[in-house]
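Residue numbers (this note's numbering): 14 to 153.
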């Protein structure tokens, strides 16, 4: 058991010293959280984000959030390559219909009208393509 001063951790609640015995794990967690808060304050100050966080769209997010580790970047690249390989394994028609439906926000009816085919054929083609992607990629 470690004795901590709650005034150090909660200065807005405790105006005078208030000592409490807590388990070692709780004290360690409180210390880690205090260090994290201090590092966030330093990061905000370093990037001058304390002046106006809403002047640009991503200033606050970039100043406060930590950059990804090399391992996270590598995992994202691997997942992206796996997804790209799975998409490239689809037929040209399935790829174009997926692109039109999900990226261009076109309805099945509009895609069918442009291609001159039945709506059910477009719907089934997109569903089959999604099914094949789910089989090949563990992301979904």
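From the three backbone atoms N, C-alpha and C, an ideal C-beta is built for every residue, glycine too.
Check                                                                                                          : Outcome
Residues near residue 16 by beta carbon distance below 6 Å, same chain, minus five either side                 : 32, 34
Residue 50 (DSSP reduced to helix, strand or coil)                                                             : helix
Residue 150 (DSSP reduced to helix, strand or coil)                                                            : coil
Ordered list of alpha helix (DSSP H) runs contained in the stretch 96–121, each at least 4 residues            : 105–111
For residue 16: DSSP bridge partner residues                                                                   : 34
Classification of residue 153 by the beta-carbon crowding that lies within 10 angstroms, buried from 16 upward : Below a pLDDT of 50, predicted positions are generally treated as unreliable, and residue 153, at 47, falls in that range; the measurement from the model is reported next regardless. The residue in question, residue 153, is exposed, as its Cβ has fewer than 16 Cβ neighbours within 10 Å.
Reduced DSSP secondary structure (H/G/I, E/B, other) of residue 58                                             : helix
CB-CB length for residue 138 against residue 97, believed under 8 Å                                            : In fact, because the Cβ distance is near 20 Å, the residues do not count as touching under 8 Å.
Collapsed DSSP secondary structure at residue 28 in the structure displayed                                    : coil
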